[in-house]
Amino acid sequence: MAKSFREALSSGEFVITSEIGPPKGTNIENMRHHIDILKDKVDAINVTDHQSSVMRFPSIGGCLEIKERGGEPILQMPCRDRNQMALQAELLLAYTRGIRNVLCLTGDAIPVGDHKEAKGVFELDSVQLLRAIRQMESGKDLGGNDLDGAVEFCAGAIVTPEANPIEPQLIKFEKKVEAGAEFIQTQAIYDLDNFSKFMEYARQFPVKILAGIVLLVSARMAKYMNENVPGIFVPENLIDELASAPKGEALSKGIEIAGRMIAALKENSRRPHDRCTEREFNLRWGAYNGHRQGRGSPRYPGGGRNKRPQIVLKLSQVWNAEYNSCAHRGKVHLLRERSYYRSLRLLGFAYSEYLGATPGAYALRSRLLVFHCDRSGILDLSCEAE
Amino acid sequence: MKSITRQKSLEEIEQQLEGLERVYIVGCGTCATMTKTGGRDEVLDMKERLQGLGKMVTGWTVIPTACDEMTEASLKENEGAIQSADCLLVMSCALGVQRVGSYNHKPVIPALDTLFIGVEDGLGYFHEVCDQCGRCVLGYTAGICPLTACHKGLLNGPCGGTNNGKCEIDKEKDCAWTLIYQRLKEQGRLDLMRKYQPIRNSQVIPRPRVTRIS
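Going down the list, the protein sequences come from chains A and B.
First residue of the first sequence? That's 52 in this note's numbering, and the numbers climb one at a time after it.
First residue of the second sequence? That's 7 in this note's numbering, and the numbers climb one at a time after it.
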């Protein structure tokens, strides 16, 4: 990669990241393949760490592969599995091997995963982990001892703009920013009106927001997520749009929707930053939070920041459609509802590549996305001009 | 304080009693009576079930509070029946089991699993309230303990798994941080939620935990 993720974040350019999920086992050929497809097309690649509490090859292993193959990794670090000693040790290892980006997460609950009797550690939470990183950067470990060689990371965290109630999430968002988060990745978003309200609030803080895009592949998947995935809300009009697609065309419709959203986000990110007064800030926040101001509303961070905020885009968590036949082109079947937790996170780059050339919302049709799948059920994809 | 217990399966009790034919049963008149796991009725029921397994029950008693020092006197009163038994099957929480064991050289066998320290909300509904962590944060969290009421024991606010005030592991369970938020908001003390809570001390008293009152 020509530039680091931190440089990309501060470049003012539209930033695109992606996400890969390591395998359950030692066969990492598919993961390597995904890395090779993605590494030159995105600014950084997240590697999940036992996502949904399903034991897998670790994030740090995937990040090392990305480094070796010339990409820019984001180490996902949940607090679920490691105490403070193990977390720090992994940060030391990551730093010495050139990994410079860390996403600090609480981690999913153990009972939702595949080792239901395992011990959940959660000694630290995401805010504490961010602070721990900043402390280690100052040359001290969490025990207050000197480090022989400090670390330096571009550290980030996550937020869920659709959570209900939203205010507790926003309070935690602000704690993360105060703890030194430089970037925030969002849960998948579908309601752009709500997201732009969130951005009016979030833009006041010195942090970059990466909007999470998860590809919708069917109306059924959208409904399933609305009912079962916390913090995800797919508006009714998008579900109708997917449902109205001709048989076998839902995926194409989903791609069109994702492309439209990305184009809109990109347009939104270009809006110049208007420094606001404290009163305006409170009004905006109130409009987002939907209730009157009082004690407990967020602190006004000041209007004098020179950095031009931007929306940066995180292309992630693309639904892993599983296939009921192999060598089956352009047709996807969702076999299991649980497949949300087995997502592939690969498709996104094609739209971004495409949209990078053409910001218009509907121009997506002018390119053809070609899908392939192989016997392992893994999707390969290429983007070709029509 | 209530020790919330659950009876082990008869199968597991039978496994523990392997080679021990003569059994003396001890129940508890406090928590285990309230939770209907080791009171008089349950002790008599256990007596029948053990007899059904071909065991000889030499006697039984329900100690008022099995975990306190009166247990010694209670066991002395029943010395004869206890002496003729191969073991004591204790139908109390683990505190009572260990107390009985400390006054007696016979094997003590637990008939219950101790689940948590809790309180009763509605009839027969108990919930955990304290993890005995040694560093109480209730003053910052509107009297709701995030270590026990939150599945992940988070100190600085909710995780992203919460939805409509419920927990990601079970839609029936309340999200502790939503409750804390609502109560702090009612009290006009939401600023407390913005306060950074540092990493908790896991070694307030290193295990085994002991303390001496001076």
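Cβ atoms here follow ideal geometry from the backbone N, Cα and C, with glycine treated the same way.
Exercise for review: Select from B/172, B/151, B/171, B/169 the residue whose C-alpha is nearest the C-alpha of residue 162 of chain B.
Suggested key: For residue 162 of chain B, the nearest C-alpha among the options comes from B/151.
Practice item. Pick helix, strand or coil for residue 33 of chain B, following the three-state DSSP scheme. Key: The answer is strand: DSSP assigns residue 33 of chain B an E or B state.
Exercise for review: Compare the C-beta of residue 212 of chain B against all C-beta atoms of chain A and say whether one is closer than 9 Å.
Suggested key: no
Exercise for review: Give the DSSP bridge partners of residue 69 of chain A, in chain order.
Suggested key: Beta-bridge pairing by DSSP links residue 69 of chain A to A/96.
**Study point:** Where residue 297 of chain A sits in the DSSP three-state scheme
**Key:** It is coil, neither helix nor strand.
Check your understanding: Helix or strand or just coil, what does DSSP make of residue 39 of chain B?
Key -> Helix.
Practice item. Per DSSP, which residues does residue 251 of chain A bridge with? Please list them. Key: For residue 251 of chain A, which the question treats as bridged, DSSP gives no partner whatsoever.
Review point. Which residues in chain B sit within 9 Å of residue 171 of chain A, going by Cβ to Cβ distance?
Key: 157, 158, 159
Practice item. State the start and end residues of the unbroken alpha helix (DSSP H) segment that holds residue 217 of chain A. Key: Note, residue 217 of chain A: premise wrong, no alpha helix (DSSP H); not H, not E.
Exercise for review: Tell me where the alpha helix (DSSP H) around residue 188 of chain B begins and ends.
Suggested key: 182-192
Review point. Whose Cβ in chain B lies nearer than 7 Å to the Cβ of residue 238 of chain A?
Key: 166
Exercise for review: Just the C-alpha distance for residue 202 of chain B and residue 214 of chain A, rounded to the nearest angstrom, thanks.
Suggested key: 21 Å
Practice item. Kindly say whether residue 191 of chain A, judged by its beta-carbon, lies nearer than 9 Å to any beta-carbon of chain B. Key: no
Exercise for review: Verify whether the separation of the beta carbon atoms of residue 111 of chain A and residue 150 of chain A is less than 9 Å.
Suggested key: yes
Review point. Which residues of chain A have a Cβ atom closer than 8 Å to the Cβ of residue 202 of chain B, listed in chain order?
Key: 178, 182, 226, 229, 230
Check your understanding: In angstroms, rounded to a whole number, what distance separates the CA positions of residue 316 of chain A and residue 271 of chain A?
Key -> 25 Å
Check your understanding: Does the beta-carbon of residue 170 of chain B have 16 or more other beta-carbons within 10 angstroms, so that it is buried, or is it exposed?
Key -> exposed
**Study point:** Cβ-Cβ separation, residue 235 of chain A to residue 258 of chain A (assumed contact under 8 Å), whole Å
**Key:** 6 Å
Review point. What did DSSP end up calling residue 64 of chain B once you bin it into helix, strand or coil?
Key: strand
Review point. Between the beta-carbon of residue 444 of chain A and the beta-carbon of residue 134 of chain A, is there less than 9 Å?
Key: Since the first residue of chain A shown is 52 and the last is 437, residue 444 of chain A is not available in this structure.
Point to revise | Contacts around residue 188 of chain A, its chain only, beta-carbon distance under 8 Å, and the 5 residues preceding and following it disregarded | key: By the criterion of a C-beta distance shorter than 8 Å, residue 188 of chain A is surrounded in its chain by 201, 202, 203, 204, once the five residues flanking it on both sides are discounted.
Check your understanding: Which of helix, strand or coil does DSSP assign to residue 308 of chain A?
Key -> helix
**Study point:** For residue 127 of chain A, the first and last residue of its enclosing beta strand (DSSP E)
**Key:** 124-129
Practice item. Please list the residues of the segment 172-195 of chain B that have a C-beta atom closer than 7 Å to any C-beta atom in chain A, keeping them in chain order. Key: 174, 175, 183, 184, 187, 191, 194
Exercise for review: Could you name the residues of chain B that residue 97 of chain A contacts, counting a contact when the two beta carbons are closer than 9 Å?
Suggested key: Result: empty, since nearest Cβ-Cβ is about 15 Å, beyond 9 Å.
Check your understanding: Between residue 127 of chain B and residue 28 of chain B, is the Cβ-Cβ spacing less than 9 Å?
Key -> no
Check your understanding: So, does the CB of residue 163 of chain B fall closer than 9 Å to a CB anywhere in chain A?
Key -> yes
Review point. Which residues in the same chain have their Cβ closer than 6 Å to the Cβ of residue 158 of chain A, if we skip the five residues on either side of it in sequence?
Key: 129, 130, 131
Point to revise | Local Cβ density within 10 Å of residue 24 of chain B, reported as buried at 16 or more and exposed below that | key: exposed
Exercise for review: Kindly indicate if chain B contains any beta-carbon less than 9 Å away from that of residue 344 of chain A.
Suggested key: Note that residue 344 of chain A scores a pLDDT of 35, beneath 50, so its modelled location is shaky; the value from the coordinates is reported in the next line. No, residue 344 of chain A does not count as interfacial toward chain B.
Practice item. Take residue 9 of chain B and list the residues in its own chain whose beta-carbon comes closer than 7 Å to its own, dropping the five residues that flank it on each side. Key: If we look at residue 9 of chain B and ignore the five residues flanking it on each side, its Cβ neighbours are 37, 99, 101, 120, 123.
Review point. If you follow the beta strand (DSSP E) that residue 122 of chain B is part of, which residue opens it and which one closes it?
Key: 118-128
Check your understanding: In angstroms, rounded to a whole number, what distance separates the CA positions of residue 108 of chain B and residue 53 of chain B?
Key -> CA-CA distance, residue 108 of chain B to residue 53 of chain B, rounds to 23 Å.
Exercise for review: Going by CA-CA distance only, name the one from B/179, B/168, B/205 that's closest to residue 173 of chain A.
Suggested key: B/205
Review point. Is the shortest distance between the beta-carbon of residue 18 of chain B and the beta-carbons of chain A less than 9 Å?
Key: no
Review point. Of all the beta strand (DSSP E) runs that stay within the bounds of the segment 55-115 of chain B, which reach a length of 3 or more residues?
Key: Scanning the segment 55-115 of chain B for uninterrupted beta strand (DSSP E) segments of 3 residues or longer gives 62-69, 93-97, listed from N- to C-terminal end.
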